[in-house]
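In this text, residue positions in the sequence shown follow my numbering: the first is 4, and each later residue adds one. In this text, a Cβ means the ideal position worked out from N, Cα and C, and glycines have one as well. Note that this is a predicted model, so its numbers are computed, not measured. Everything below concerns the one structure shown next.
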Amino acid sequence: MAGKLSVHALDTARGTGAAGLRLTLRKLAPDASEPFCFVLDDDGRATLLESAALTVGRYEILFHAAEYQRANGLELPEPPFLDNIPIHFGVADATSHYHVPLILSPYGYSTYRGG
């Protein structure tokens with residue numbers, strides 16, 4: 004079975020998927036990588052890595068939350084309470100599906116390992 008890393012971001016202020024939310028992905032260890040940029044689709048989803056590209060290690064997804072919220076007309080203070088949201092996680096089995104949902108509002112967020 005081939006592994007996969009995917010994300011889904013939900014914008015609770017608008018009640019929709021976070022279409023257009025920009026994020027960066029990078030591997031932290033054991034071999035650090037340069038960040039890769041992604042933009043979420045119309046449903047707020049993206050597949051970040053598949054098959055051999057997903058390897059055991061520690062990763063970071065950085066969601067550019069304030070940029071996204073401002074682009075969608077939300078007035079935020081300067082500096083915003085949540086600017087960029089880093090999610091650090093480990094991949095122990097590169098043949099599994101790792102799904103990282105983000106539930107986003109201007110003043111809070113939650114995440115978990117989805118399926």
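Between H102 and the set S108, Y110, P109, I90, the nearest pair of CA atoms involves I90.
Within its own chain, the residues whose Cβ lies closer than 8 Å to the Cβ of L77, once the five positions on either side in sequence are excluded, are A16, P109, listed in chain order.
Here V10 is buried, its C-beta having at least 16 other C-beta atoms within 10 Å. A straight line joining the alpha-carbon of P82 with that of P104 spans about 25 Å. Within the DSSP bridge table, the entry for Y101 names L8 as partners.
In the three-state DSSP reduction, R73 falls in the helix class (H, G or I). Taking each of D46, Q72, G93 in turn and checking the Cα distance to L85, the smallest one comes out for Q72. With respect to the C-alpha of G47, the residue from K30, P33, T19, L65 having the closest C-alpha is T19. Take L79, set aside five residues on each side of it, and the residues of its chain with a beta-carbon closer than 7 Å to its own are A69, Q72, R73, P109, in chain order.
Considering only E53, A97, R61, N87, the residue with the shortest C-alpha distance to L26 is N87.
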